[in-house]
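There are 2 protein chains.
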Amino acid sequence: MLSTLTYLSAIGGVVALIYAIILAVRINKMESGTERMKEIAQSINEGAKAFLFSEYKILVIFVATVFVVISVCGIITKSDVLNYRTALAFLIGAILSTLAGYCGMSVATKANVRTANAAKEKGMNSALSTAFSGGAVMGMCVSGLGLLGVCLIYAITGDDNILFGFSLGASSIALFARVGGGIYTKAADVGADLVGKVEAGIPEDDPRNPATIADNVGDNVGDVAGMGADLFESYAGSLISAISLGVLAFSGSSSWKYAVFPCLLSAIGLISSIIGTLFVRGKDGKNPQKALNTGTYVASILVVISAILLSYFMLGTFRFAIAIIAGLLVGLLIGTITEMYTSDKFPFVKKIAKQSETGSATTIISGIAVGMQSTLIPSILIGVGIFVAYFVTNGTGADGTSGIYGIALAAVGMLSTTGITVAVDAYGPIADNAGGIAEMSNLPDEVREITDSLDSVGNTTAAIGKGFAIGSAALTALALFFTFAQKVNLATIDIMNYKVVIGLLVGGMLPFLFSSLTMDSVSKAAQSMIEEVRRQFRTIPGILEGKSKPDYKNCVAISTHAALRQMILPGILAIVSPIIIGVLLGAEALGGMLGGSLTTGVLLAIFMSNSGGAWDNAKKYIEGGHHGGKGSPSHKAAVVGDTVGDPFKDTSGPSINILIKLMTIVSLVFAPLFGNGIIG
Amino acid sequence: MLSTLTYLSAIGGVVALIYAIILAVRINKMESGTERMKEIAQSINEGAKAFLFSEYKILVIFVATVFVVISVCGIITKSDVLNYRTALAFLIGAILSTLAGYCGMSVATKANVRTANAAKEKGMNSALSTAFSGGAVMGMCVSGLGLLGVCLIYAITGDDNILFGFSLGASSIALFARVGGGIYTKAADVGADLVGKVEAGIPEDDPRNPATIADNVGDNVGDVAGMGADLFESYAGSLISAISLGVLAFSGSSSWKYAVFPCLLSAIGLISSIIGTLFVRGKDGKNPQKALNTGTYVASILVVISAILLSYFMLGTFRFAIAIIAGLLVGLLIGTITEMYTSDKFPFVKKIAKQSETGSATTIISGIAVGMQSTLIPSILIGVGIFVAYFVTNGTGADGTSGIYGIALAAVGMLSTTGITVAVDAYGPIADNAGGIAEMSNLPDEVREITDSLDSVGNTTAAIGKGFAIGSAALTALALFFTFAQKVNLATIDIMNYKVVIGLLVGGMLPFLFSSLTMDSVSKAAQSMIEEVRRQFRTIPGILEGKSKPDYKNCVAISTHAALRQMILPGILAIVSPIIIGVLLGAEALGGMLGGSLTTGVLLAIFMSNSGGAWDNAKKYIEGGHHGGKGSPSHKAAVVGDTVGDPFKDTSGPSINILIKLMTIVSLVFAPLFGNGIIG
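Listed in order, the protein sequences are those of chains H and D.
Under our numbering, the residue at position 663 of the first sequence is numbered 1673, and the numbers go up by one with no gaps.
Under our numbering, the residue at position 148 of the second sequence is numbered 1158, and the numbers go up by one with no gaps.
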């Protein structure tokens, strides 16, 4: 029965993948427009793949190393968690996450030009639907492959311990995709803007700028593939922790039901997401945001209804449904709050725009103040979510553990609609790219107007998506953290223990250090890009007159290598820190460290993402004609804010999601190595 | 024996106060220079007192309210900690802290003009010694009154519980002085600069600027009185927690020794500080920094020797001396690290200056990256300090508690040289003011050169002092936190408990929110100031030609009221948050909240202070002729960094010290109100 129902859940993943294939084929069949458009799209596609293949070269070495390390540790420790089967699961997790990213991005880079062409030939509705279909492929690949992988491994082996290997694999890819991609996208962006716009005085997305293609590649690499890998990790991690805690919390013959419940729920969520995507249809003269919201709401309502039925008929109580719904609601509300702090329809962004009148310093200060203030409601929301999920489920099984199972269910609930959430999120960069292609191909202004209006909605969905990614990373990391504590049989993680306090402080420091490193990485990678663009302007004759073609490929290659090289130090920090603390001070101190990094990590990520988003939209608000409009001193000040916000919101902030999840899963997998610590 | 030795310790405080009086009388006898100089000094003195008296008006109401609340709660709960005696101790703590601030600031505002005059009449050495003597009065008042108050209360009552009232009193004053003063000083600074320098184009400290006096008052209000109250709180808090934990950790007839040990050690530290100040003598052609360092090192070495002897002969082991020395060393090292990150002799500030070449956005990003990175070593240092202090002392008494006593001793050790640390720190604003007076009185350039070189040293000592203030606040808050946990008889504060996790997250968020509020407060208060300066320029005829005098007093009054009004919201947040969490979720969740706010608070304070300090010195480095020098585009970018850094380093950063200590002591005093929480 266990394996039957788990296989059944896996079928949900298969359905999603079939749906993804249908959408991909349909997109592929669409017209891509003029020769010029095709050429540009081809360059972006090739650039994105060039990044991925460079990344894969390092990935292969990395994955092989970790595979060997886990296997060797397994031989030494003879542990249930750490063995060659875990290593295999790790491999599968890494491969599936890579596959999801590759397929999603391939389709996204095809959908962009077709979106531009649809805008040109058929108008807004068709463009919206094309861009969204492209995003939906990513969404279906992420959740389909995630669900399929976890359920198949669990159905075949019936062993929840080796699933952590799968989660570690997903986390490793996310590290490369989100951190490396985040560095890439901002380095290319800064390089393109600084030399092109500021030094040479040519407009954004101008084909004479050698970094233009790299800039557009960056949108796909960072915002599509990076975000997808981030959510793949959260999706798999929360599901796995729920399975594991379900096994731990409930004894007796029906224990398996609690492990299968989250799988079935995820499958239902995935089907609900597919149904939701069918409701995303643009209407002429209507805001595309409405169409996207409708899809999300339909999927959410379907999950709520199914959760209630499933919880009652399968587990005999509504309690587990409440935990699921709590998570789902918290996710939706965090998205809404994020929008509140980063959209110009609300007073916060308007305040920053107003402060731009007195110069860039006041713009920066008010943006930082807004970002810091924006931590208030999300942290209380997460707190309330934890409270409700624990409170309603505790006592249904083992005391304490069943409540923790409820928290993991809340994470599963929040992520159940990942399919459509990723679709909405990935829609943004596709629309953005479509605009870039329209600009570079000199398409008529009406086309650019359509893509601009799609893009402006994309900015909002991107902000909401970031909020959702942070919220889900927080709940996932928390669920994994509890699983860690259970698996290493810690009676307590007591802040009154001096080692735990040390762990808390050091753990709290890591997100600050990590953010500092990723910001430095962007600066350094951007520097390489700036030099290359300057070199091309200097050495290629006639490039600025549009008479000769810039060498786009070299720009892509340079920022690829710079980004991947700059990723190494923060990556090592994330993987090695928990092992050092675990070995030195023991498992309980490691628990403190994870608690500390989770706390400051979530807050810092919210602060940085929202400051960045708010600055971005304050600039756009001014460009819309307020406080002097484009070119005014206010606008100049706002551009400074936006430039500071870029690494905040697109590199450092999102990278923290990876840090907190990766450190927790590393701790979980390597837990057998940690005793009481070799010192103290 | 207990009371005899405690009285003996109190005598150390009396000696310090006598020394302070001698210094004050000596300063008072010195010449204050020309009529113009006297007039300006008089205005600063009056302005500073005007701020203090306005503050006192609110303080009286606040203190009276808390006094009544504690007394009433005492009647209801019939608790050992919460009763009318605690309320009395609260009153004494508040009065003594106020007294220390008032006396120290009065002398500082007299020493500034005499420093300017000494520079004019006698040269560098005499000016250095005058400025330092002024600072020393503050140092002696802070530690003398702190030691005297704590020891007398303890000697008379023999009750360590009511001492927490004293600590709460000190914390309350610190809230007003550090947060209110921090808002005042930056509002005045921004107001003076923006309208004077930018809009009217007149130089800094120009007497035609109506905000000039307010700006100079701000140095005293924020950097002298605010910093003094902050360290008074740490000094008293750490001593009190050591006394209390000494009583708890050691049973038997010699238990009293462990309570008296920190008192005696503080008395020795105070005498050592006095001896240290005698070693601060300028030599012609030598860097004044050396003289200041010598004083600090002499005092530290004396404390180390005394700690070893006292620990061995009084408590029969060297172990407690090691804890003391660990704290002292961590304090000195954090100061050194702070200097490393904020002085232009090291690569970090140089890097920011270099980044200024590419505009203000890169200046901001690199400054934030440097500040975030600067959290690494201090948090590890504090961690090592905690480890050593706990490890060597645990097992000497009750298991666990004796180790915690060791951590409190480390805090006492770090703060034992507060006398000279405050002296060095308060020297900076006095030298800064002396420069301002020299400028406003049109003294010759040679005089300004001397005050400038004193001031530049003052910037370094201010940065070190800030690092020390944060480090000591962290250790003090930690010691109080452990005392809280012991006093409410918590068996554990377990992060695996869902309520503790909620507490951790909400507590972690509070420093972000608090910083956001204080930054907003500066903006709002600065706005009032800007409007007033503009109004005076507009309505007072001949003001810009120097023909008629600006209304300095009105500027002082306006920024005083704005600062105090803007202080209310963050102040309420600090006091009410722990009570709400304690009542709603109970004492253990409150423990989690304190742990969370301690973690993010310390890190955020280090980040903000060091980013601010680094930007400030990057600007000065450029002004020194690098990267294009004064007036270059690099300089303009660096000015933006400095302006963002101002509220970072002088308002929000230091205010967090108060937040984390105040929340802990509020929890400790009101602990009898919290049970298991009314929900969950």
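Every residue gets a Cβ at the ideal spot worked out from N, C-alpha and C, and that includes glycine.
Item, Value
"Closer than 7 Å by C-beta to T1044(H): which residues in its own chain qualify, once you throw out the five before and the five after it? Chain order, please.", "S1451"
"Between the Cα of L1579(D) and those of A1436(D), G1211(D) and M1529(D), spot the shortest distance and give me the residue it belongs to.", "M1529(D)"
"Report the residue ranges of all alpha helix (DSSP H) runs contained in full by the region 1334 to 1375 of chain D; include only those spanning at least 4 residues, in chain order.", "1357 to 1365"
"Hey, out of I1396(D), I1616(D) and A1573(D), whose CA is closest to T1348(D)'s CA?", "I1616(D)"
"Per DSSP, what are the beta-bridge partners of D1504(D) in this structure?", "D1504(H)"
"Assess, as a yes-or-no matter, whether the region 1225 to 1242 of chain H is touched by the region 1177 to 1195 of chain H under the definition of 3 or more beta carbon pairs within less than 8 Å.", "yes"
"What in chain D is Cβ-close to C1588(H), meaning under 9 Å?", "Position check: residue 1588(H) holds Pro in this sequence, whereas Cys was assumed. Within chain D, no residue comes near P1588(H); the closest Cβ sits about 15 Å away, beyond 9 Å."
"In three-state terms, what does DSSP make of A1239(D)?", "helix"
"For the alpha helix (DSSP H) holding F1176(D), just list the boundary residues, first then last.", "L1173 to A1184"
"Pull up the CB-CB distance for A1259(H) and L1173(H), whole angstroms please, since I reckon it's below 8 Å.", "Between L1173(H) and A1259(H) the Cβ distance is about 16 Å, and since that is not below 8 Å, they are no contact."
"Quick one: measure Cβ to Cβ for A1484(H) and V1402(H), integer angstroms, because I've assumed they're closer than 8 Å.", "Not a contact, Cβ separation roughly 20 Å."
"For the structure I just gave you, are there three or more beta carbon pairs, one from the region 1438 to 1447 of chain H and one from the region 1456 to 1465 of chain H, closer than 8 Å?", "yes"
"For the alpha helix (DSSP H) containing A1597(H), name the first residue and the last one.", "A1597 to E1633"
"Using beta-carbon positions only, say whether N1297(H) and A1118(H) come within less than 8 Å of one another.", "no"
"Below 8 Å on the Cβ atoms is my contact criterion, and I expect I1362(H) with T1373(H) to pass it. Report the Cβ-Cβ distance as a whole number of Å.", "6 Å"
"For G1292(H), which of I1285(H), S1282(H) and T1304(H) has the nearest alpha-carbon?", "T1304(H)"
"Using 8 Å as the threshold, is the C-beta distance between Y1437(D) and T1470(D) below it?", "no"
"Which residues in chain H have a C-beta closer than 9 Å to the C-beta of M1673(D)? List them in chain order.", "Within 9 Å Cβ-Cβ: nothing; M1673(D) doesn't reach chain H, min ~15 Å."
"Taking DSSP as the reference, what is the three-state secondary structure of A1221(H)?", "coil"
"Whose CA, out of G1023(H), I1212(H), F1680(H) and T1674(H), lies closest to the CA of E1555(H)?", "I1212(H)"
"On a CA-only basis, which of S1182(H), D1090(H), K1196(H) and S1019(H) is nearest Q1537(H)? Give me that one, please.", "K1196(H)"
"Beta-carbon of T1610(H) versus every beta-carbon of chain D: anything under 8 Å?", "yes"
"Mark R1095(H) as exposed unless 16 or more other C-beta atoms lie within 10 angstroms of its C-beta, in which case mark it buried.", "buried"
"Could you tell me whether the Cβ of L1155(D) comes closer than 8 Å to any Cβ of chain H?", "no"
"On the DSSP letters alone, give me the boundaries of the alpha helix (DSSP H) that D1090(D) sits inside.", "Premise fails: D1090(D) is in no alpha helix (DSSP H) and is neither H nor E."
"Could you tell me whether any Cβ in chain H is nearer than 8 Å to the Cβ of V1691(D)?", "Chain D is shown only over 1011 to 1690; residue 1691(D) falls outside these bounds and no answer can be derived."
"Is the Cβ of V1422(D) closer than 8 Å to any Cβ of chain H?", "no"
"Shorter than 8 Å from the beta carbon of P1657(D) to some beta carbon of chain H?", "yes"
"Does the beta-carbon distance from I1396(D) to I1375(D) come in below 8 Å?", "no"
"Does DSSP put G1211(D) in a helix, in a strand, or in coil?", "coil"
"What residues in its chain sit with their C-beta under 7 Å from that of N1686(D), if we drop five residues either side in the sequence?", "G1596"
"Output the boundary residues of the alpha helix (DSSP H) element that contains P1657(H).", "P1643 to P1657"
"Identify each residue in the region 1498 to 1513 of chain H for which the Cβ-Cβ distance to at least one residue of chain D is less than 9 Å, and report them in chain order.", "L1500, A1501, T1502, I1503, D1504, I1505, M1506, N1507, Y1508, K1509, V1510, V1511, I1512 and G1513"
"For S1526(H), go through chain D and note every residue whose CB falls closer than 7 Å to its CB, in chain order.", "A1379, M1382 and Q1383"
"Below 8 Å, can you find three or more Cβ-Cβ pairs linking the region 1073 to 1092 of chain H to the region 1136 to 1155 of chain H?", "no"
"Taking the continuous alpha helix (DSSP H) assigned at I1315(H), which residues delimit it?", "P1298 to L1325"
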